[in-house]
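First residue of the sequence shown: 193, per our numbering; consecutive thereafter.
Glycine residues also receive a C-beta, built at the ideal position from the N, C-alpha and C atoms.
Here the structure is laid out as structure tokens; the discussion comes afterwards.
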Amino acid sequence: MSGWSNGTYNESYTSFLLVGFPGIREARGLLVLPFLSLYLVILFTNALVIHTVASQRSLHQPMYLLIALLLAVNICAATTVLPAMLFSFSTHFNRVSLPRCLGQMFCIYFLIVFDCNILLVMALDRYVAICYPLRYPEIVTGQFLAGLVGLAATRSTCIVAPVVVLASRVRFCRSDVIHHFACEHMALMKLSCGDISLNKTVGLTVRIFNRVLDMLLLGASYSRIIHAAFKISAGGARSKALNTCGSHLLVIFTVYSSTMSSSIVYRVARTASQDVHNLLSAFYLLLPCLVNPIIYGARTKEIRQHLVTLLQRTQQHRSTEKLQSLPSHRELPG
193 MSGWSNGTYN
203 ESYTSFLLVG
213 FPGIREARGL
223 LVLPFLSLYL
233 VILFTNALVI
243 HTVASQRSLH
253 QPMYLLIALL
263 LAVNICAATT
273 VLPAMLFSFS
283 THFNRVSLPR
293 CLGQMFCIYF
303 LIVFDCNILL
313 VMALDRYVAI
323 CYPLRYPEIV
333 TGQFLAGLVG
343 LAATRSTCIV
353 APVVVLASRV
363 RFCRSDVIHH
373 FACEHMALMK
383 LSCGDISLNK
393 TVGLTVRIFN
403 RVLDMLLLGA
413 SYSRIIHAAF
423 KISAGGARSK
433 ALNTCGSHLL
443 VIFTVYSSTM
453 SSSIVYRVAR
463 TASQDVHNLL
473 SAFYLLLPCL
483 VNPIIYGART
493 KEIRQHLVTL
503 LQRTQQHRST
513 EKLQSLPSHR
523 ELPG
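Here it is in structure tokens:
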């Protein structure tokens with residue numbers, strides 16, 4: 193509820209109704225099938241690559257373990273958004289409390305930033321592997337890798353927490369309807385009453401600083417990696433190193449281009465409908481989750497080979513089961 197007292201708001205909404213794609217509110221049920229199919233594809237493709245890495249001892253190396261972690265984050269990111277979205281589409285009701293809304297906001301942004309930080313850890317791993325190959329086993333140990341992942345998680349929390357904490361201190365008096373399928377920061381801030389300039393400044397500053405620093409670190413790392421790869425005398429080793437870096441760079445381009453393009457369009461295309469902005473948000477949240485396992489599954493030779501072997505074994509197992517289920521010639525009538 194909201195109200196006025198001496199010209200100021202004295203109450204604030206403590207729960208909100210999420211209305212994704214308000215322009216087609218009466219036909220939102222038609223979106224269940226395509227988004228459900230997308231969710232199932234994301235789960236299957238990411239889980240398949242993770243299972244391949246986990247089941248093959250030859251893939252229990254830092255690079256492949258980081259790929260599996262990145263894809264696990266993809267599954268978590270999609271699960272944070274899509275089930276609640278599908279529920280609201282099918283029931284036309286998705287009311288969330290303010291703590292739950294802030295919790296979802298934290299999870300969404302934490303997973304996005306953590307995704308980018310894992311890419312930084314991958315860049316460091318490839319830098320050591322290609323620039324210092326003889327010292328790689330003694331530098332990149334399991335303990336060192338766990339420390340880097342822990343540092344990435346801590347950095348992600350430190351980046352996201354201030355934005356969420358400031359959002360929790362805002363009073364929401366304009367409406368209790370969020371015209372979005374998730375508790376996205378700017379969609380929630382539109383319902384605020386009072387001065388939110390600090391929230392906008394902190395959010396924009398953190399995002400720009402984080403992106404610029406990440407791009408500088410990635411650029412410096414991969415420029416050194418590519419330079420060192422071209423100095424490798426063996427053609428096969430050089431080709432393998434460049435192919436591995438190419439896969440990582442494709443994933444980096446997908447992740448950063450989707451987030452940056454969404455931010456730019458959100459601020460430039462202010463006249464666009466809310467449905468367009470929501471579609472862009474879905475694009476930057478879900479595109480990496482869909483594309484990353486395809487890139488690593490298709491371009492990483494070791495993973496691709498094991499995937500092909502796994503699929504062939506599955507096909508042979510199904511063929512054997514079908515043959516066993518068929519009646520023998522003695523059991524045929526006549």
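Do Ile495 and Val245 count as a contact pair if the criterion is CB distance below 8 Å? yes
What are the start and end residues of the beta strand (DSSP E) that includes Ser289? Arg287 to Ser289
Which of helix, strand or coil DSSP assigns to Val369: strand
Leaving aside the five residues before and after Ile424 along the sequence, list all residues of the same chain whose C-beta is less than 7 Å from its C-beta, in chain order. Arg430 and Ala433
Below 8 Å between beta carbons: does that hold for Ser207 and Arg363? no
Given this structure, state the Cα-to-Cα distance separating Asn286 from Ser473, to the nearest angstrom. 18 Å
Return yes when the Cβ of Val332 is within less than 8 Å of the Cβ of Pro254, no when it is not. yes
Note down the Cα distance separating Thr492 from Arg249, rounded to an integer number of angstroms. 16 Å
Coarse secondary structure for Arg363, derived from DSSP in three states: strand
In whole angstroms, what separates the C-alpha of Pro354 from that of Val394? 8 Å
Leu210 bridges to which residues according to DSSP? Ile370
Alpha carbon to alpha carbon, how far is Glu218 from Leu210? Give it in angstroms, no decimals. 14 Å
May I have the straight-line CA-CA distance separating Thr277 from Arg347, to the nearest angstrom? Position check: residue 277 holds Met in this sequence, whereas Thr was assumed. Looking at the two C-alpha atoms, the distance is approximately 28 Å.
Would Ser367 and Leu380 be called neighbours here (beta carbons separated by less than 8 Å)? no
Starting from Val233, follow the alpha helix (DSSP H) in both directions and report where the run begins and ends. Val224 to Ser247
For Ala420, which residues of its own chain have a beta-carbon under 6 Å away from its beta-carbon, when the five flanking residues on both sides are left out? Ile322 and Cys323
Have a look at Val305, Ser247 and Ala260 and flag the residue whose alpha-carbon is nearest the alpha-carbon of Pro160. Since the first residue of the chain shown is 193 and the last is 526, residue 160 is not available in this structure.
Supposed close pair Val398, Ile351 - CB separation, criterion 8 Å: 6 Å
Between which residues of its own chain and Phe281 is the CB-CB distance below 8 Å, once the five residues before and five after are set aside? Gly212, Arg220, Gly221, Leu223, Val224 and Phe227
Give me the Cα-Cα distance between Cys385 and Ala359, rounded to the nearest whole angstrom. 12 Å
Can you say whether Ile242 is buried or exposed, counting buried as having 16 or more other CB atoms within 10 angstroms of its CB? buried
Span separating the alpha-carbon of Met407 from that of Asn309: 11 Å
List in chain order: all unbroken alpha helix (DSSP H) runs of 4+ residues lying wholly within the segment 295-335. 328-331
Which residue comes first and which comes last in the alpha helix (DSSP H) that contains Ser159? Past the boundaries of the shown model lies residue 159; the chain is included only from 193 to 526, so the question cannot be answered.
For the candidate residues Gly334, Gly489 and Val288, whose alpha-carbon lies nearest to that of Cys375? Val288
Hey, would you say Ala344 sits closer than 8 Å to Val369, going by beta carbons? no
Counted within 10 angstroms of its Cβ, other Cβ atoms place Ser562 as buried (16 or more) or exposed: This structure leaves residue 562 out entirely; the chain is present only between 193 and 526.
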